[in-house]
Amino acid sequence: MKSIIVGGGKLGFNLLKILRQRGYDATLIELDEGKCRRIAEETGADVICGDGTELEVLNDAGIIEADIIAAVTGKDENNLVVCEIAQSIFHIKSIARINNPKNTDMFRKLGVERTVCSTQVIANLIEYEFEGGNCRFIQAFDRGNMILVEISPVSNNGFEEHLVKDLDLPAECTVASIIRNNEVIYPKADTVIKKDDCIYLVTNHANYLAIRKNLHKGGRFNEKHKK
25 MKSIIVGGGK LGFNLLKILR QRGYDATLIE LDEGKCRRIA EETGADVICG
75 DGTELEVLND AGIIEADIIA AVTGKDENNL VVCEIAQSIF HIKSIARINN
125 PKNTDMFRKL GVERTVCSTQ VIANLIEYEF EGGNCRFIQA FDRGNMILVE
175 ISPVSNNGFE EHLVKDLDLP AECTVASIIR NNEVIYPKAD TVIKKDDCIY
225 LVTNHANYLA IRKNLHKGGR FNEKHKK
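Written as structure tokens, this is what we have:
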């Protein structure tokens, strides 16, 4: 797989090193000549000195043969232009770094779906750590739109001795697995939740916060099913 990285800052430089260490063909584009020389010397990679928003420079980097391009400069407007060119002219996948969280919607409206905003990711991680109780954030996927959550143990949370299908969870929330006595269970609708089970849910950010808030206050998510 051939990839192109636009932007030779710390992020672009480290991304280039990681991709090459994993055996991928990666080329970097950077405007600053000094950075280009240093990166080329330290990595042995192909480094193109130029403006990554220009077609000639992108062609020099081999965009015609590329499978994906990552625009990770410090300027959102440049990252947006790079991704638009990659998608509309060369029809390849693109990933954009977003420096200002306010620009996230703009990128998506213009068709750039694969974005990474480190500010938003860190803010979410900090939020996940507050008042988690026994509802714990494990891992984020799809740029933070989908997350894995652990509820442990289930005692006193209203889950015990109920079927998975009867758990009154939010609509966009799925019970992915259960850990019972150090064994993994992939639950079905009629699986019964037992005392001291650890439940793993796949859900979104908003639902996670709602579940965590409810449990932190001693709430039960399936009171309507209690006998």
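Just remember that our numbering sits 24 ahead of the position in the sequence shown, which is counted from 1. Even for Gly, the Cβ is constructed at its ideal location relative to N, Cα and C. Predicted, not measured: the structure shown is a model, and the values here were computed from it.
Close Cβ partners of Gln-111 (< 6 Å) along its chain, the five nearest in sequence each way excluded: Translated into the one-based positions of the sequence shown, residue 111 becomes position 87. Excluding residues within five positions, the ones whose Cβ falls inside 6 Å are Ser-118.
Beta carbon of Val-216 nearer than 8 Å to that of Glu-185: Translated into the one-based positions of the sequence shown, residue 216 becomes position 192. Translated into the one-based positions of the sequence shown, residue 185 becomes position 161. Yes; because the gap between Cβ atoms is below 8 Å, this pair is in contact.
Beta-carbon gap between Ile-235 and Asp-221 smaller than 8 Å: Working through the sequence shown from its first residue, we reach residue 235 at position 211. Working through the sequence shown from its first residue, we reach residue 221 at position 197. For Ile-235 and Asp-221, no; Cβs fall outside 8 Å.
Proximity below 8 Å, CB of Tyr-232 to CB of Ala-200: By one-based count along the sequence shown, residue 232 stands at place 208. By one-based count along the sequence shown, residue 200 stands at place 176. Cβ atoms of Tyr-232 and Ala-200: not closer than 8 Å.
N- and C-terminal bounds of the beta strand (DSSP E) containing Asp-49: Start at 1 with the first residue of the sequence shown, and residue 49 comes out as number 25. Residues 49–54.
Alpha carbon of Lys-34 to alpha carbon of Thr-97, nearest angstrom: Against the sequence shown, residue 34 aligns to sequence position 10. Against the sequence shown, residue 97 aligns to sequence position 73. Their Cα atoms are separated by approximately 10 Å.
Touching by the beta-carbon criterion (3+ pairs, under 8 Å), the stretch 68–75 and the stretch 33–53: yes
Nearest neighbour of Thr-198, chosen from Lys-218, Met-170, Cys-60, Lys-219 [CA to CA]: The count along the sequence shown starts at 1 and reaches residue 198 at position 174. Looking at the Cα atoms, Met-170 is the closest of the given residues.
Identity of the residue in Val-188, Ile-162, Pro-125 nearest Ile-209 by Cα: Taking the sequence shown and counting its residues from 1, the one referred to as residue 209 is at position 185. Considering only alpha carbons, the answer is Val-188.
Residues sharing a beta bridge with Glu-174, DSSP: To locate residue 174, count along the sequence shown from 1; it is residue 150. Bridge partners of Glu-174: Arg-160, Tyr-224.
For Asp-192, three-class secondary structure by DSSP: Counting from one through the sequence shown, the residue named residue 192 turns up at place 168. In the structure shown, Asp-192 sits in coil (DSSP, three-state: anything other than H, G, I, E or B).
6 Å CB neighbourhood of Glu-57 in its chain, flanking five on each side removed: Here residue 57 is taken as the residue at index 33 of the sequence shown, counted from 1. Cβ within range, chain order: Cys-73.
Reference Cys-107; option with closest CA among Ala-164, Arg-132, Pro-177, Leu-55: On the sequence shown, position 83 is the one that residue 107 refers to. If we check each option's Cα against that of Cys-107, Arg-132 comes out closest.
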